[in-house]
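Just below is one structure, and these are the notes that go with it.
Chains as they are written, first to last, in my numbering: chain R, 108 to 220; chain S, -10 to 111.
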C-alpha cells in the first residue's frame, strides 16, 4: 500500500507555544488530506479536510484559528497547533487519499505542559 | 447521515483459531465502499481489506475475508488462523461515493465505527 509519513512522532511543548506537524504522501500525489484527533480508547475524530491549493474545511466544533492547516503541495499538508494548551494534548493522525483509499500516517503524540 | 456500528467493544481468540468481528451500517446510499482498518499498539492505522458495494463477491486478503450482506447492511470481518500480531483495535469504516457511475464520481469522508479491541492469546 501507499506510504504516508508523519513527523514528528512525539512532541512535548510548553503551554502557549505553537507546534507544527507534517504529513507527506511519499509515493503518490494526494489532492485531499485529512487530519484526525484520537482520544484514548476512542475512534478517530475528523478535524478537517484539506485540498491542495485551497482552504481547509473544518468539522463543526474545531477551532480553525487554533488548528491551522496548510496543504501547499500534492504531497505535503501541515497542521499547526497555535498557542497550545494542556487540553490540546492528544494523538493527532493525518491521512492522505489515493483514489478511493485513505492511507494513514503513524500519528503524533502531543503533550502540552 | 451514515452511521457505522460495531457492537463488540472487545473480543479475544486463541492463536490459530478463527474470529469474526461484526459491523453494521446505516445508509440510504447505493454506491459506497466499506473498509476494515486495524490499529495495533503502535497506533499506526493499517488498511486490512476493502469492499465495493457494487461487487457481490466478498473481498478476501490472505487470512482476512469479509461477509458483505448489502440488503442487511452488514459487513463482518473474519480472521482465520489468528496470529499474535493480529492483536489490535479494528475499525469498520464507510465511505459514500457521490456520482452515478461506477469508477467515477467523488468520495465522501470516512465514517468510522467505535472499534473492536481484539486480543489474540497464545
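From the three backbone atoms N, C-alpha and C, an ideal C-beta is built for every residue, glycine too. Computed from a prediction, not measured in an experiment: that's the story for all the values here.
| said: Suppose you measure from the CA of residue 125 of chain R to the CA of residue 191 of chain R; what does that come to, to the nearest Å? | reply: When rounded, the separation of the alpha-carbon atoms in residue 125 of chain R and residue 191 of chain R is 6 Å.
| For the beta strand (DSSP E) that residue 191 of chain R lies in, which residues bound it at each end? | Looking at the DSSP string, residue 191 of chain R is not in any beta strand (DSSP E), and its letter there is neither H nor E.
| Using the C-alpha atoms, what's the distance from residue 164 of chain R back to residue 171 of chain R? | Going from the Cα of residue 171 of chain R to the Cα of residue 164 of chain R covers about 9 Å.
| Positions along the stretch 24 to 52 of chain S whose CB lies within less than 9 Å of some CB in chain R | 24, 26, 28, 31, 32, 33, 34, 35, 36, 39 and 41
| message | Whole angstroms are fine: how far does the CA of residue 106 of chain S sit from the CA of residue 67 of chain R? | response | The requested residue 67 of chain R is not part of the displayed model; chain R covers only 108 to 220.
| query | Quick one: which chain R residues come within Cβ less than 7 Å of residue 20 of chain S? | reply | Ordered by position in chain R, no residue passes the 7 Å Cβ test against residue 20 of chain S, which lies about 11 Å from the chain.
| said: Does the CB of residue 156 of chain R have a neighbour CB from chain S at under 8 Å? | reply: yes
| field | Simplified DSSP assignment, three categories, for residue 36 of chain S | value | strand
| Exposure label - residue 214 of chain R; buried when at least 16 CB within 10 Å | buried
| From which residue to which residue does the beta strand (DSSP E) around residue 8 of chain S run? | 8 to 10
| request: Kindly indicate which residue of R/141, R/122 and R/121 has the alpha-carbon position closest to the one of residue 113 of chain R. | output: R/141
| query | Quick one: is residue 218 of chain R near chain S, going by C-beta distance under 8 Å? | reply | no
| query | Leaving out the 5 sequence neighbours to the left and right, which residues in its chain are closer than 8 Å to residue 180 of chain R when beta-carbon positions are compared? | reply | 159
| field | Cβ pair residue 128 of chain R, residue 220 of chain R closer than 8 Å | value | Between residue 128 of chain R and residue 220 of chain R, the CB-CB gap reaches or exceeds 8 Å.
| said: Below 9 Å on C-beta distance, what does residue 108 of chain R contact in chain S? | reply: Against residue 108 of chain R, the close residues of chain S are 35 and 36, in the order they occur along the chain (beta-carbon pairs closer than 9 Å).
| request: Determine the direct distance from the alpha carbon of residue 205 of chain R to that of residue 133 of chain R, and round the result to whole angstroms. | output: Near 11 Å, if we compare the C-alpha coordinates of residue 205 of chain R and residue 133 of chain R.
| Whose CA, out of S/109, S/40 and S/101, lies closest to the CA of residue 58 of chain S? | S/40
| query | What separation, rounded to the nearest whole angstrom, lies between the Cα atoms of residue -3 of chain S and residue 10 of chain S? | reply | Looking at the two C-alpha atoms, the distance is approximately 7 Å.
| Is it right to say residue 119 of chain R is buried, meaning 16 or more other beta carbons lie within 10 angstroms of its own, or is it exposed? | exposed
| field | Proximal residues of chain S, C-beta to C-beta of residue 210 of chain R below 8 Å | value | Residues of chain S passing the Cβ test: 36.
| Below 8 Å between beta carbons: does that hold for residue 73 of chain S and residue 37 of chain S? | no
| What's the C-alpha gap between residue 0 of chain S and residue 18 of chain S? | Answer to the nearest angstrom: the Cα atoms are 30 Å apart.
| Any C-beta of chain R under 8 Å from that of residue 103 of chain S | Taking Cβ atoms only, chain R reaches closer than 8 Å to residue 103 of chain S, which makes this a yes.
| field | Within chain S, partners of residue 200 of chain R - CB distance below 7 Å | value | Within 7 Å Cβ-Cβ: 34.
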